[in-house]
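Colleague: Take a look at the following structure, please.
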Amino acid sequence: DVKVTQSSRYLVKRTGEKVFLECVQDMDHENMFWYRQDPGLGLRLIYFSYDVKMKEKGDIPEGYSVSREKKERFSLILESASTNQTSMYLCASRNRGDNQPQHFGDGTRLSIL
Amino acid sequence: GESVGLHLPTLSVQEGDNSIINCAYSNSASDYFIWYKQESGKGPQFIIDIRSNMDKRQGQRVTVLLNKTVKHLSLQIAATQPGDSAVYFCAEKAGGSYIPTFGRGTSLIVHP
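In order, the protein sequences belong to chains A and B. Here the first sequence stands for residues 10 to 122, where the numbers follow the numbering used here. Here the second sequence stands for residues 386 to 497, where the numbers follow the numbering used here.
Put into structure tokens, the structure is as follows:
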């Protein structure tokens, strides 16, 4: 089974802090993704990476950056956390190829005070 | 904490009934479709997928039906159990794209 592990289930940070969310997958997947999930808004794509050291903006990249130095690890960085970044953050990975599903981690519920 | 199930369409069924969850997709270029289950406090879990060259695919207690003419996808769950209570999302993806488009989801509530 595919295992996507997010380093924290719950995280509380303060406004202005730099926040790191880590994600590791164990299936040698090329593609990795960061989403945020908010009630009534569904899943919104922040950034994705189709291979090591590659990154592409998603629909809502403002206020975020990412790092993919190793194939198995994809980090999401909140440069200066703000209260409107309080959300559930979900990491996903998928194998390359057209007909491959994304596999998700269990999420990090981040609260910015 | 807040539930992802807020503000979503809800389907309530009795334990043992069959459930049908529907999804309309928008992109006629989509050729790959996926169903996910998300339980409270967890990430979406892959259930089943279907390619556009098929109109039906069966898994364990689940069946996905695809009607490309009307751009409609459904997930049928046989003999629904309380453990099936969750939010169910469909996703569509066009060939050559890395990114699926997710539906908003349907909350399934199974009453014992």
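Cβ atoms here follow ideal geometry from the backbone N, Cα and C, with glycine treated the same way. From a predicted model like this one, the values you see are computed outputs, not experimental measurements.
(1) Can you find a C-beta in chain A that's less than 9 Å from the C-beta of Asp463 (chain B)?
(2) Report the residue from B:Asp402, B:Trp420 and B:Asp416 whose alpha carbon sits nearest the alpha carbon of Ser459 (chain B).
(3) Can you find the residues in the same chain that come closer than 7 Å, C-beta to C-beta, to Gly402 (chain B), ignoring five residues on each side of it along the sequence?
(4) For the 8 Å Cβ check, are there 3 or more pairs between the segment 72–79 of chain A and the segment 88–106 of chain A?
(5) Please list, in chain order, all residues of the same chain as Val447 (chain B) whose beta carbon is under 8 Å from its beta carbon, the five residues on each side excluded.
(6) Please report whether the beta-carbon of Asp434 (chain B) lies at a distance below 9 Å from any beta-carbon of chain A.
(7) Tell me which same chain residues have a C-beta within less than 7 Å of the C-beta of Asp68 (chain A), skipping the five on either side of it?
(8) Is the beta carbon of Leu122 (chain A) sitting closer than 9 Å to the one on Leu30 (chain A)?
(9) Please name the residue in A:Gly51, A:Val13 and A:Arg105 whose C-alpha comes closest to that of Thr491 (chain B).
(10) Where do the N-terminal and C-terminal ends of the beta strand (DSSP E) with Ile462 (chain B) fall, by residue?
(11) Within 10 angstroms of the Cβ of Asp112 (chain A), are there 16 or more other Cβ atoms? Answer buried if so, exposed if not.
(12) For Asn40 (chain A), is the classification buried or exposed, using 16 other Cβ atoms within 10 angstroms of its Cβ as the cut-off for buried?
(13) Starting from the C-beta of Asp60 (chain A), find all residues in its chain whose C-beta is less than 7 Å away, skip the five residues before and the five after it, and write them out in chain order.
(14) Kindly list the residues whose CB is nearer than 8 Å to the CB of Pro110 (chain A), restricted to its own chain and excluding five residues on each side of it in sequence; keep chain order.
(15) Are the C-beta atoms of Gly386 (chain B) and some chain A residue less than 9 Å apart?
(16) Comparing the C-beta of Asp416 (chain B) with each C-beta of chain A, is any distance below 9 Å?
(17) Report the rounded CA-to-CA distance for Lys79 (chain A) versus Leu493 (chain B), giving the unit in angstroms.
(18) Which two residues bound the contiguous beta strand (DSSP E) that contains His496 (chain B)?
(19) Contact criterion: CB-CB distance below 9 Å. Does Gln430 (chain B) meet it with respect to chain A?
Modeller: Taking the coordinates as given:
(1) Here residue 463 (chain B) refers to the residue found at position 78 when the second sequence is read from its first residue. Here residue 463 (chain B) is Ala; the residue named in the question, Asp, does not match the sequence. Judged by the 9 Å Cβ criterion, Ala463 (chain B) is not in contact with chain A.
(2) As a first step, residue 459 (chain B) must be located in the second sequence, where it is residue number 74. Put simply, of B:Asp402, B:Trp420 and B:Asp416 the residue whose alpha carbon is nearest the alpha carbon of Ser459 (chain B) is B:Trp420.
(3) Numbered from 1 along the second sequence, position 17 holds the residue referred to as residue 402 (chain B). What sits at residue 402 (chain B) in the sequence shown is Asp, not Gly. Once the five neighbours on either side are set aside, the close Cβ partners of Asp402 (chain B) are Thr465.
(4) Of all C-beta pairs linking the segment 72–79 of chain A to the segment 88–106 of chain A, three or more are shorter than 8 Å, placing the two stretches in contact.
(5) By 1-based counting over the second sequence, the position of residue 447 (chain B) is 62. Same-chain partners within the cutoff: Trp420, Ile432, Ile433, Leu460, Gln461, Ile462 and Ala463.
(6) For this step, residue 434 (chain B) is matched to residue 49 along the second sequence. It does; some Cβ of chain A falls within 9 Å.
(7) Here residue 68 (chain A) is taken as the residue at index 59 of the first sequence, counted from 1. Non-local C-beta neighbours of Asp68 (chain A) in its own chain, meaning closer than 7 Å and more than five positions away in sequence, comprise Arg53 and Leu54, ordered along the chain.
(8) As a working mapping, residue 122 (chain A) is identified with position 113 in the first sequence. As a working mapping, residue 30 (chain A) is identified with position 21 in the first sequence. One thing to note: Leu122 (chain A) has its Cβ no nearer than 9 Å to the Cβ of Leu30 (chain A).
(9) Here residue 491 (chain B) corresponds to residue number 106 of the second sequence, with the count starting at 1. Comparing C-alpha distances from Thr491 (chain B) to each of A:Gly51, A:Val13 and A:Arg105 shows the shortest one belongs to A:Gly51.
(10) The sequence position of residue 462 (chain B) within the second sequence is 77, counting from 1. Annotation for Ile462 (chain B): the continuous beta strand (DSSP E) segment containing it runs His457 to Ile462.
(11) To locate residue 112 (chain A), count along the first sequence from 1; it is residue 103. Strictly speaking, residue 112 (chain A) in this sequence is His, with Asp absent from that position. Taking all protein chains shown into account, His112 (chain A) has 16 or more neighbouring C-beta atoms within 10 Å of its C-beta and is therefore buried.
(12) By one-based count along the first sequence, residue 40 (chain A) stands at place 31. Answer is buried; the Cβ neighbour count reaches 16.
(13) In the first sequence, the residue the question calls residue 60 (chain A) occupies position 51. These residues qualify, in order along the chain: Glu39.
(14) Position 101 of the first sequence, counted from the first residue, corresponds to residue 110 (chain A). Arg103.
(15) In the second sequence, the residue the question calls residue 386 (chain B) occupies position 1. The pLDDT assigned to Gly386 (chain B) is 38, lower than 50, so where the model puts this residue is not dependable; a value taken from the coordinates is nonetheless given after this. Judged by the 9 Å Cβ criterion, Gly386 (chain B) is in contact with chain A.
(16) Working through the second sequence from its first residue, we reach residue 416 (chain B) at position 31. Contact of Asp416 (chain B) with chain A is assigned, a C-beta pair being separated by under 9 Å.
(17) Your numbering for residue 79 (chain A) matches position 70 in the first sequence. Your numbering for residue 493 (chain B) matches position 108 in the second sequence. Distance between the alpha carbons of Lys79 (chain A) and Leu493 (chain B) is about 38 Å.
(18) Taking the first residue of the second sequence as 1, we reach residue 496 (chain B) at position 111. If you look at His496 (chain B), you'll find it in the beta strand (DSSP E) that goes Thr491 to His496.
(19) What you label residue 430 (chain B) is simply residue 45 of the second sequence in a count that begins at 1. For Gln430 (chain B), the answer is yes, since a Cβ of chain A falls inside 9 Å of its Cβ.
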